[in-house]
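A.B. asks:
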Amino acid sequence: MRTPEEPSYPAHWEADVVLRDGGTALIRPITPDDAERLVSFYERVSDESKYYRFFAPYPRLSDRDVRRFTHHDYVDRVGLAATVGGEFIATVRYDRVDDSGRPAATPSAQAEVAFLVRDDHQGRGVASALLEHIAAVARERGIRRFTAEVLPANTKMIKVFTDAGYSQSRSFEDGSVHLTFDLEPTEQSLAVMSAREQRAEGTSVRRLLAPGSVAVIGASRSPRGAGRAVLGSLRSSGFTGSVYAVNRALPEGTDELDGVPARRSVRDVPEPLDLAVVAVPAGEVPEVARECGEAGVRGLVVLTADFDRDEQRELVRLARSYGTRVVGPNAFGLMNTAPGVRLNATLSPETPRPGRVGLFTQSGAIGIALLAGLHQRGIGLSSFVSAGNRADVSGNDVLQHWYEDPDTDVALFYLESIGNPRKFTRLAKRTAVRKPMVVVKGARHSGSAPPRGHAAPVSRTPAGTVTTLLRQAGIVMVDTVTELLDAGALLATQPLPQGRRVTILGNAESLGLISYDAALAGDLRPHPVQDLSTSATPGDYRAALRAALEDTGTDAVVVTVIPWVGDTPVAELADALHEASESAEKPVAVVHLAIEGLDDALSERGIPSYPAPERAVRALSEASRYARWRQDAVNPGRVPEIDVDEAAASALLERVTAGTADDADSARSRDAAGPSLTGEDTEALLSCYGIAVQPTVPAPDADAAVAAAGRLGYPVALKTTAPHLRHRADLGGVRLDIASEAGLRRAYAELTEAFGGPEELRPVVQAMAARGVDTAITAAVDPTIGAVLSFGLAGTPSELLGDVAHRLVPVTDKEAAGLVRSLRSAPILFGWRGAQPVDTGALEDLLLRVSRLLHDHPEIVAVDLEPVVVATRGVTVLGAAVSVAEPPPPTDLGRRSLPAY
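In my numbering, the protein residues as written are 2 to 902.
1. From what residue to what residue does the alpha helix (DSSP H) around Met194 run?
2. Check whether the segment 412-421 touches the segment 392-404, counting contact only when three or more Cβ pairs, one atom from each stretch, lie closer than 8 angstroms.
3. Since Ser345 is in the alpha helix (DSSP H), which residue starts that stretch and which ends it?
4. Which stretch, first to last residue, makes up the alpha helix (DSSP H) that contains Gln169?
5. Can Thr156 and Ser168 be called in contact, C-beta distance under 8 angstroms?
6. Would you mind reading off the limits of the alpha helix (DSSP H) that contains Arg357?
7. Look at the Cβ atom of Tyr627, then the Cβ atom of Val477, and state whether they are nearer than 8 angstroms.
8. Just the C-alpha distance for Val118 and Ile90, rounded to the nearest angstrom, thanks.
9. With Thr352 as the anchor, note down where its alpha helix (DSSP H) starts and where it stops.
10. On the DSSP letters alone, give me the boundaries of the beta strand (DSSP E) that Thr305 sits inside.
11. Nearer than 7 angstroms: is that true of the beta carbon of Gly226 relative to any heavy atom of the ligand GTP?
12. Helix, strand or coil for Gly284, going by three-state DSSP, please let me know.
13. Assign Ser677 to one of three DSSP states: helix, strand, or coil.
14. Looking at the secondary structure, which residues open and close the alpha helix (DSSP H) in which Asn337 lies?
15. Between the alpha carbons of Tyr690 and Asp846, how many angstroms are there, rounded?
16. In the DSSP assignment, find the alpha helix (DSSP H) that holds Thr432 and state where it starts and stops.
17. Does the segment 713-730 come close enough to the segment 780-790 that 3 or more CB-CB pairs lie under 8 angstroms?
18. Can you check DSSP and say which residues form a bridge with Ser903?
19. Please identify the residue among Leu491, Arg427, Leu686, Glu867 whose C-alpha is closest to the C-alpha of Ala192.
20. What's the gap between the Cα of Pro637 and the Cα of Glu816?
21. Taking all protein chains shown into account, decide if Ser791 is buried (16 or more other Cβ within 10 angstroms of its Cβ) or exposed.
22. Output the distance between the C-alpha atoms of Glu315 and Ser322, rounded to the nearest integer angstrom.
23. Are Ala585 and Leu550 close, meaning C-beta to C-beta below 8 angstroms?
24. Just tell me which of Leu848, Val231, Gly233 has its CA closest to the CA of His807.
25. Give, in chain order, every unbroken run of the alpha helix (DSSP H) that is at least 4 residues long and sits entirely within the segment 555-602.
26. On a CA-only basis, which of Ala836, Glu198, Val864, Phe116 is nearest Leu400? Give me that one, please.
27. For Gly239 and Ala216, what's the separation of their Cα atoms in angstroms?
28. Please name the residue or residues paired with Ala26 in a DSSP beta bridge.
29. May I ask you to report which of helix, strand or coil DSSP gives Ser223?
30. In the structure shown, what three-state DSSP assignment does Ile608 receive?
31. Flag this pair as yes or no: are the beta carbons of Arg357 and Gly324 separated by less than 8 angstroms?
32. So, at 8 angstroms on beta carbons, what are the nonlocal neighbours of Val928 in its own chain, with the 5 sequence-adjacent residues on each side left out?
33. Assess contact between the segment 577-584 and the segment 597-611, defined as three or more Cβ pairs (one per stretch) separated by less than 8 angstroms. Is contact present?
34. Since Pro614 and Ala509 are thought to touch, with beta carbons under 8 angstroms apart, how far apart are those beta carbons, to the nearest angstrom?
35. Find out if the Cβ-Cβ distance for the pair Ala246, Ala280 is shorter than 8 angstroms.
36. Could you check whether Leu745 and Val765 sit closer than 8 angstroms to each other, using their CB atoms as the reference points?
Here it is, written out as structure tokens:
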């Protein structure tokens, strides 16, 4: 039991991190129980490294040193260790100091920091990762600046500090380099963290996909079973590395299984293992993971299913403690078709042809279908990852690899859940600038939850909204596996269209007209159909296609074909289309009906074909939408600097979130979205961000209402604040333009007579705003997608017709303008039917302020401004509500760490 003097262990500082070489380490606070580990660690550090740390020969730690370095108050003195296999590989420590560099006797915003890294782990990026974590801890404890003394010869450590991207200064004093740097994240420091994260996580996947040696654990002596199937796949694919079969039930003296070297344990394998495929019963997997960790295996592919969340959590914790990454459980396996690797560590005996498409799936069954579909379309694969329950390695990790993989041009994803949606959208937006991503998401609706074992948060956002937001990140979102393959085939083989103008030509006008209608529905701009007649020859197709592609008014071509009356000249037609399009910089898609052999002939020539015009046009429409996004991404806008009082807002939020929701003295009330601020706190918080709320005065009786109107000035509005009547002018809960005392008393009487007493209605009086358009601005944090800013016209357009636009936070100035203009009812804001245009500039400024508020303060879970009256000059916020909760741990753009499964 902890004594009152003993500081509480800050468990939330623990984190698994991926290091530069792709291995993992656990970063955690150092405790008094670590004395023996610290001594053992120090004994394995070279004399040179000790000298660099202490500026003098320091061969061993004294008992006093050990106590000093293992006892911390976790406020003014903090030590963190990076561990692998339970052993320290590096430590970092800060001590709060005053301006003279001595231990601070009073609160100080400065601390001295020092590192020590075991020599055999130097160069892995351990110190850089520790710096990120100790800086985050220091900021939490009110420290804003680090100082460090480094010997000039210790160039590696100087580089750790200078490369971190923080604002810093350096000087040379008394034979050492004196460094001082602020801990407030800068644009450069965030960019450095993001780049390091990408390299580390990409490398961790790269070494899984390109192992030099693989062991299949659980390969049975009979030709059946998952392990034996993977063993056969590895052999048939021509894997270029070493393969071993491992089965603890092998008879003594057996050293071969199905022509592959066999051992009873990974400990007996005569060379280091890079990858182990695990196909043993679920109860045996932890022991296998432990053996693999002790043997230095870098990655596990766990085919075994039947894990619950707790069992998966323990498996991942165990594997990561040894620096090992896990694909699965319930995985289908990995493929890499690179000539120097030729890895097929899956249950599929067929290895796809090499190509430029990367494929990630959570479902093995869907993975099989997609592999077969790509093969039928003649599309080759660069790599394939089926992560099953993705307890560790996820789509985010694979995306980090594909981002700079020169062998992957298109990324296809089948996802059933997104564990870290903010990171996924950030990575997707960055990747989509380089190469297209096509995603189909299962379990989108409440009735189709992700399978057992998947770490998936429950969404409060409609599926259509999620799709829209992911599209805004540059993702090509489709609804079905078939559409995933259709879009992937077009994007993998054809250039992107530079516009929406489409030429449709073919030998059947009816098929062309169906294509024309589909193009209009897909937001394309088709030209009139070119009917080549049923007597068209391959030469006619060649000439028509070449002319269409040379036409400057055409951005893409859809070719339609029905069978010839006699034998269709398949090869000649495919050659003609290929010759006409091979040098063009415009996409071509072919639609044909039941022409045997044409699919294969076209795929061999790099032209996608489809059995229905709707499918071809849908793929082309998605490619067009993606091309437009990519053009816009060249100039995405910026998040403008806004004059706000962030410190005052933080202090207010800290005060209102300090108590419990059930505290009777608390100024909050619990609702479904979280604790709601009082009206006074809401107005104070919003004012910190330059958002003024039109004042309201409570009116518990008619006399109070008249007195309030006298202070505010006529005309006024009288409205209830009861939840069931809020914003319901249509029900009579709001009375506007009251110009006199008599009119106010009459309205008050009518209101209370119709709906109940003042205690229930809670009436308020408010000064009338300038005439304009009533709008609604909301912002909310959804667990599956992150912070979302929404905008619509108040009332019927948004509530009945669903005419609401959304953007991910933080919103740029360009996105704010797009948010306003993307509504179907947007013309009302711009002078519809001769009305005066309203002040959309002021509206966009308000949207940016709400976005900034939500982005700056993660404890805010919802903001509701309604109605917001947009007049010809300025905007007026008539109603506001803010809901808060304890701030969640940062999942993105904070200290670099793997998700805590």
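From the three backbone atoms N, C-alpha and C, an ideal C-beta is built for every residue, glycine too.
C.D. replies: Straight from the coordinates:
1. 188-210
2. In short, these stretches touch, since the Cβ pair count reaches three.
3. Just to set this straight, residue 345 is Asn in the shown sequence, not Ser. Counting along the chain, Asn345 falls outside any alpha helix (DSSP H), though it belongs to the beta strand (DSSP E) covering 344-347.
4. It is not in any alpha helix (DSSP H) - Gln169 instead sits in the beta strand (DSSP E) that spans 169-174.
5. With contacts defined by Cβ atoms closer than 8 angstroms, Thr156 and Ser168 do not form a contacting pair.
6. That residue, Arg357, is in no alpha helix (DSSP H); its beta strand (DSSP E) goes 355-362.
7. Yes, the pair counts as a contact, with Cβ atoms nearer than the cut-off.
8. 6 angstroms
9. Neither: Thr352 is in no alpha helix (DSSP H) and is coded neither H nor E.
10. Careful: Thr305 lies outside any beta strand (DSSP E) and carries neither H nor E.
11. As for the ligand GTP, it is missing from this structure, which has no ligand bound.
12. helix
13. strand
14. Segment 334-337 is the beta strand (DSSP E) holding Asn337; no alpha helix (DSSP H) there.
15. Each residue's Cα considered, the two are about 11 angstroms apart.
16. Where Thr432 is concerned, the enclosing alpha helix (DSSP H) stretches over 422-433.
17. no
18. With the chain running from 2 to 902 in the structure shown, residue 903 is simply not present.
19. When each option's Cα is compared against that of Ala192, the closest is Arg427.
20. 8 angstroms
21. Classification for Ser791: buried.
22. 11 angstroms
23. yes
24. Ranked by Cα distance from His807, the options Leu848, Val231, Gly233 are led by Leu848.
25. You should have 571-582.
26. Glu198
27. 15 angstroms
28. Paired residue(s): Val18.
29. coil
30. coil
31. no
32. The chain is shown only over 2 to 902; residue 928 falls outside these bounds and no answer can be derived.
33. Touching, yes.
34. Cβ atoms of Pro614 and Ala509 stay farther apart than 8 angstroms, at about 11 angstroms.
35. Contact flag unset, no.
36. no
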